[in-house]
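Here is the structure we will look at.
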Amino acid sequence: MKRRNFTKNALLGSMAALLGTDIVFGAHMPSGYSPLGLQDPDPFKLFNIDPQLVVLNNKPWNIEARAHLLDDKITPNKFMFIRNNGLIPEDIDAASWKLTIDGESVQQTKTYTLAQLKSKFQQHTYQLTLECGGNGRSEFDPPAKGNQWTIGAVSCATWTGVRLRDVLEDAGIKSDAVYVGYHAADIHLSRDPNKEPISRGAPMAKALQDETLLAFKMNGQDIPIAHGYPLRLVAGGWPASVSGKWINRISIRNKIHDGTKMTGTAYRVPCNPVGPGEKVKDEDMCIIESMPVKSLITYPKSGATLNMGKKLNIRGHAWAGELEVSKMEYSIDFGATWHTCPVEKPVNRLAWQHFSASISFPKKGYYEVWARATDTQGISQPMLLPGWNPKGYLNNACHRIAVKIT
Ligand SMILES: Nc1nc2c(c(=O)[nH]1)N[C@H]1C(S)=C(S)[C@@H](COP(=O)(O)O)O[C@H]1N2
Ligand SMILES: [Mo]
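Taking my numbering, the leading residue of the sequence shown gets 192, the next gets one more, and so forth.
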């Protein structure tokens, strides 16, 4: 009884310190309660992000951008979506951070400090598109469970680090290697230390690409904590879940990695198309690899008005997973006719590309401007939600904005 009171008083003391004021009547607060004032920290201050971002979930934190916030060619930290499967690691110490390469198919298990990674291997910088596999999920009907991302779970920041390939080769890759799987320091929602929130990976061919990085910088600075400080895997063009944050171990596997969220229905779609709402057996679900072609109109913001006779200048980005975007078109008549517009080459492979157009309107009234990208294999974005799937992945339907000509 005494001890319990002592713990409660100590707890009240530390909660008061956090709140910056005394908790009046705190002694009456039922044990196990935490004051509301401590429960929901302001995520915009917490993560130093723009308050126009949209919070979809606070446990874990999931926050998305909006089309007009993604207008920059290089996504700044403050507009970058945050997607967590568990709790952000506490007490991160970069000075003692270690990365271990192990697994059935490593020649020699090796551990590196961050300083060793930085000094031993050549550093590379790439701009890389990261899109959550569930971006666009909110449009699925019947709906899919999970964060209801609209269009804002995509980013294209600049990442600096060492090639995963160089590190894997330093440890030695056995000839039977098939996959890499990552392990990270984030905490399972249950706080059970034996459970991982997520442990995904990629086939060796993706792991060994030039652009697949073990990154320690984002946009030229230390990676923000929410995005994986101090070390993150970055595999552009694939579902961003492959790009593990807070990485401390990578296993070279002699089979497809079977970590948390690699199996069952997670980040998988039906191997063969199914009807909306159909049940699909786990064994009929296939792992998502390269993301499909997609684009976003980032200027103007939907709802813009313009005087008749003036031209509307639109711009945005387009990307196509492992491929490049080879053609960009827009429509102002709900897809009845399409007009080609210029699209720039990517600054490097797996970076998004920029398009722009100057549009004339025939008369006053309400319009929608639609954008449609086509990849180098001739595959275009659908105008409506493509293949329904149980978890609501890969919605690459055309983006559109409303425009009023007055
Ligand atoms: N360790 C760890 N890595 C992770 C995740 C996570 O929850 N834990 N989420 C993944 C998913 S699903 C996505 S979409 C991206 C999001 O990256 P971001 O938060 O930096 O935008 O991180 C991936 N890497
Ligand atoms: Mo994701």
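A virtual CB, placed ideally from N, CA and C, is assigned to each residue, including glycine.
Source: prediction; values computed, not measured.
Rounded to whole angstroms, the Cβ separation of Ala256 and Gly343 is 4 Å, and the two are in contact under 8 Å.
Cβ-Cβ distances below 6 Å link Tyr557 to Lys595 in the same chain, with the five nearest sequence neighbours on each side left out; the list follows chain order. Leaving aside the five residues that flank Pro242 on each side, the residues in its chain whose CB is nearer than 8 Å to its CB run, in chain order, Phe235. Nearest Cα to Lys365 within the set Gln339, Asp293, Glu387, Phe331: Asp293. Counting only runs that start and end inside the stretch 532-575, the beta strand (DSSP E) elements of at least 3 residues fall at 544-550, 556-566.
At a Cβ-Cβ threshold of 8 Å, Asp566 and Val471 do not count as neighbours. Shown here, Ile214 sits in coil according to DSSP, grouped into three states, outside any helix or strand. For Lys269, the CB contacts under 6 Å within the same chain, skipping 5 residues up- and downstream, are Ile240, Asp241 in chain order. Taking the Cβ atoms as the reference, Val353 lies roughly 17 Å from Gln412, outside the contact range of under 8 Å. In the DSSP secondary-structure assignment, Cys477 is bridged to Val460.
Secondary-structure assignment with DSSP links Met409 through a beta bridge to Trp350, Gln412. For ligand 2, a non-hydrogen atom lies closer than 7 Å to the CB of Arg274.
By DSSP's assignment, Asp293 forms a beta bridge with Ser442. Annotation for Gln298: no alpha helix (DSSP H) segment contains it, and DSSP assigns it neither H nor E. The beta carbon of Gly325 sits closer than 7 Å to at least one heavy atom of ligand 2.
Scanning Phe312, Ala348, Ile273 for the CA closest to the CA of Trp340 turns up Ile273.
Annotation: the continuous beta strand (DSSP E) that includes Leu424 extends over 423-425. Pairing Asn410 with Ile254 gives a Cβ-Cβ distance that is not under 8 Å. Taking a C-beta distance under 8 Å as the contact criterion, Met519 and Ala509 qualify as a contact pair.
Asp332 has its Cβ no nearer than 7 Å to any heavy atom of ligand 1. DSSP links Arg591 through a beta bridge to Trp561. In the structure shown, the three-state DSSP call for Pro234 is helix. If you look at Gln314, you'll find it isn't in any alpha helix (DSSP H); it sits in the beta strand (DSSP E) that goes 314-322. When beta bridges are read from the DSSP output, Arg506 appears opposite Tyr490, Ser547.
Taking one beta carbon from each stretch, the stretch 432-445 and the stretch 390-399 have 3 or more pairs nearer than 8 Å; the two touch. Judged by the Cβ position, Ala398 fails to qualify as a neighbour of ligand 2 at the 7 Å threshold, every heavy atom of the ligand being at least this far. Your pair Ala593 and Glu559 checks out as a contact, with CB atoms roughly 6 Å apart and the cut at 8 Å.
At the C-beta level, Trp437 and Ala393 stay beyond 8 Å of one another. Of the candidates Pro232, Leu497, Thr489, Thr489 places its Cα closest to the Cα of Arg506.
With a cut-off of 7 Å, the C-beta of Ala285 is classified as distant from ligand 2, since no heavy atom of the ligand falls inside that distance. Annotated three-state conformation of Ala368 is coil, per DSSP. With fewer than 16 other Cβ atoms inside 10 Å of its own Cβ, Asp449 counts as exposed. When rounded, the separation of the alpha-carbon atoms in Gln298 and Ser486 is 42 Å.
For the pair Trp579 and Glu480, the Cα-to-Cα distance works out to about 17 Å. In the DSSP assignment, Ala362 falls outside any beta strand (DSSP E) and within the unbroken alpha helix (DSSP H) covering 355-362. Secondary structure at Asn275: coil, using DSSP grouped into helix, strand and coil.
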